[in-house]
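*Asks:*
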Amino acid sequence: MSSGTVVVTGIGQLVSCAGHDGTLPAADRSVAAPERLGVRHDAALVVEDGRVAWVGDRAAAPAADRLVDLGGRAVVPGFVDSHSHLVFAGDRSAEFSARMAGTPYDGGGIGVTVAATRSATDEDLRLLLAARVAEARALGTTTLEVKSGYGLTVDDEARALRIASEVTPETTFLGAHVVPPDARDDRAAYLDLVTGPMLAACARHARWVDVFCEPNSPHAFTEDEARRVLEAGRDAGLELRVHGNQLGPGPGVRLAVELGAASVDHCTYLSDDDVAALAGAAGTTVATLLPGVEFSTRSPYPDARRLLGAGVDLALASDCNPGTCFTSSMPLVVALAVREMRMTPAEALLAATVGGARALRRDDVGHLGVGARADLTVLEAPSHEHLAYRPGMPIARALDL
Ligand code: NIG
Ligand code: FE
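Residue numbering for the sequence shown follows our numbering, starting at 1042 and increasing by one per position.
Next up, the structure:
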């Protein structure tokens, strides 16, 4: 970004996701409330030092050092993709084909990616990650969380996080992704490693700790194991997120709420008690839905309407990874949320922006209120509804200023 002020004008529809007055009420719990959209027509926005400095009618825009005219296109906040696994090598397209022919997903394929990732050089991983970040940005994503989880040794996990931290501050230690194939004979020893030397080597490169809490997979972690990982991470200064209730009912949601995690992700199989717990945790724990996973694993979608009806804070994220969802396309995620989970286009956009920001406990991204980071995503369209209305079309891109 160059210095000085820039006026971005000719915005046919500006969706600030910051309410009508362009300010984001800190204590506002209703991430998905439509009035949060803050739609303006024929608008302009001034950027100063990388931040939104002014938002208003085009005709009232102040002068600036530079002018960018968007010719009537719509602008939305850059997507906040709060869940991805982008540091990996290798290919699992054969596993995808087998799944489409009926083989269910159980997390066992993660071992294939672990082997390929361990054999890659730092430079290989750096290049693969850079290409994936560029793909996401080209489709409108401006904030990305990136997890480790395909190294599963002290050195390989620390390396993944070191490389991830070169592209984002939102790095997540996922040494407890699965028990790796070479450690299967002694789960207890692997847990000791993850909560001991591996955590010690990784904590300085990570903001978050995560665990695949899934009793329905023999490869993932039980409630007690997950609790141990999360508490150790918290003691090391990391904040908490959880993979929970992905493959069947389970303890992940309950545990995430109990420990005050910022987000519990997947939430595909929920009991009434889980939904009530999430509703009670609004403002603290976000339920992050990842419909690209259900699409790519041919699984039932989470019940977004049930969660919205209960007042749960929702986010939408990609979960881009080589096993369950090899796409970082947030426009696709929004389209799936609308078509398959019956979210309105407004609810889906809010969940993919302010919802993701809340899942990362950030208030400087996910909206375009005054003071926010100037992360603008331009749509080759007159309105935000086109994100779901034109599935598969490359209409969203992050604006380089
Ligand atoms: O979020 N479920 C655990 N982790 C990923 C999948 C990882 C993989 O299969 O490589 C997920 O779906
Ligand atoms: Fe994931």
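Here a beta-carbon is modelled for each residue, glycine too, at the ideal position from N, C-alpha and C. These numbers come from a predicted model, not from an experiment.
Are L1357 and V1379 closer than 8 Å when you measure CB to CB?
*Replies:* No, they are not a contact pair.
*Asks:* Nearest CA to the CA of A1302: which residue from A1224, L1401 and G1350?
*Replies:* For A1302, the nearest C-alpha among the options comes from L1401.
*Asks:* To the nearest whole angstrom, what separates the beta carbons of F1262 and A1217, a pair I think is in contact under 8 Å?
*Replies:* Going by Cβ atoms, the distance from F1262 to A1217 rounds to 5 Å, so yes, they are a contact pair.
*Asks:* Which value, in whole angstroms, describes the spacing of the CA atoms of G1053 and L1355?
*Replies:* Going by the C-alpha atoms only, they are around 28 Å apart.
*Asks:* Does DSSP put I1204 in a helix, in a strand, or in coil?
*Replies:* In the structure shown, I1204 sits in a helix (DSSP, three-state: H, G or I).
*Asks:* Does the Cβ-Cβ distance between K1188 and S1125 come in under 8 Å?
*Replies:* In contact: K1188 and S1125 (Cβ atoms closer than 8 Å).
*Asks:* I'd like the span of the beta strand (DSSP E) that includes S1304, first residue to last.
*Replies:* S1304 -> beta strand (DSSP E) spans S1304 to H1307.
*Asks:* Mark R1203 as exposed unless 16 or more other C-beta atoms lie within 10 angstroms of its C-beta, in which case mark it buried.
*Replies:* Looking at its Cβ environment, which holds 16 or more other Cβ atoms inside 10 Å, R1203 is buried.
*Asks:* Assuming I1389 contacts A1429 under a Cβ cut-off of 8 Å, what Cβ separation, rounded to an integer in Å, is found between them?
*Replies:* Position check: residue 1389 holds Ala in this sequence, whereas Ile was assumed. Sure, about 7 Å apart at Cβ, within 8 Å.
*Asks:* With 16 other CB atoms within 10 Å as the buried threshold, where does T1162 fall?
*Replies:* T1162 comes out exposed.
*Asks:* Heavy atom of ligand 2 less than 7 Å from the Cβ of H1408, yes or no?
*Replies:* Checking every heavy atom of ligand 2 against the Cβ of H1408, none is found closer than 7 Å.
*Asks:* Between the Cα of E1076 and the Cα atoms of G1181, C1058 and G1091, which residue gives the shortest distance?
*Replies:* Of G1181, C1058 and G1091, the residue nearest in Cα terms is C1058.
*Asks:* Please report the residue range of the beta strand (DSSP E) in which A1085 lies.
*Replies:* Per DSSP, A1085 belongs to the beta strand (DSSP E) from V1080 to E1089.
*Asks:* Output the distance between the C-alpha atoms of S1206 and E1198, rounded to the nearest integer angstrom.
*Replies:* Each residue's alpha carbon lies about 12 Å from the other.
*Asks:* Could you pull the start and end residues of the beta strand (DSSP E) that P1118 belongs to?
*Replies:* A1115 to P1118 is the span of the beta strand (DSSP E), which, as asked, contains P1118.
*Asks:* As a quick exercise: from L1166, L1169 and A1156, pick the residue whose alpha carbon is nearest that of T1194.
*Replies:* The option with the nearest alpha carbon to T1194 is A1156.
*Asks:* Does the Cβ of D1001 lie closer than 7 Å to at least one heavy atom of ligand 1?
*Replies:* This structure cannot speak to residue 1001, because the chain is shown only from 1042 to 1442.
*Asks:* Return the residue from the list V1334, A1322, V1174 and T1325 that minimises the CA-CA distance to H1307.
*Replies:* Of the candidates V1334, A1322, V1174 and T1325, the one whose C-alpha sits nearest the C-alpha of H1307 is V1334.
*Asks:* Under 8 Å, with one C-beta from each stretch per pair, do the segment 1217-1230 and the segment 1164-1179 reach the 3-pair mark?
*Replies:* Touching, no, given that fewer than three Cβ pairs across the two stretches are closer than 8 Å.
*Asks:* Residues bridged to Q1054 by DSSP?
*Replies:* DSSP, once it has assigned bridges, lists H1082 and A1115 as partnering Q1054.
*Asks:* Within the segment 1330-1363, note down every full beta strand (DSSP E) run reaching 3 residues or more, in order along the chain.
*Replies:* For the segment 1330-1363, whole beta strand (DSSP E) runs of length 3 or above, ordered along the chain, are 1355-1357.
*Asks:* Rounded to the nearest angstrom, what separates G1278 and A1244 at their Cα positions?
*Replies:* Their backbone Cα atoms lie some 8 Å apart in a straight line.
*Asks:* Is D1147 close to ligand 2? I mean its beta-carbon at under 7 Å from any heavy atom of the ligand.
*Replies:* D1147: no, Cβ never under 7 Å from ligand 2.
*Asks:* With respect to 7 Å, is the separation between the Cβ of R1122 and the closest non-hydrogen atom of ligand 1 below this value?
*Replies:* In the sequence as displayed, the identity of residue 1122 is Asp instead of Arg. Checking every heavy atom of ligand 1 against the Cβ of D1122, none is found closer than 7 Å.
*Asks:* Using a Cβ distance threshold of 8 Å, determine whether the segment 1276-1295 contacts the segment 1235-1244, with at least three qualifying pairs required.
*Replies:* Enough Cβ pairs lie closer than 8 Å, so yes.
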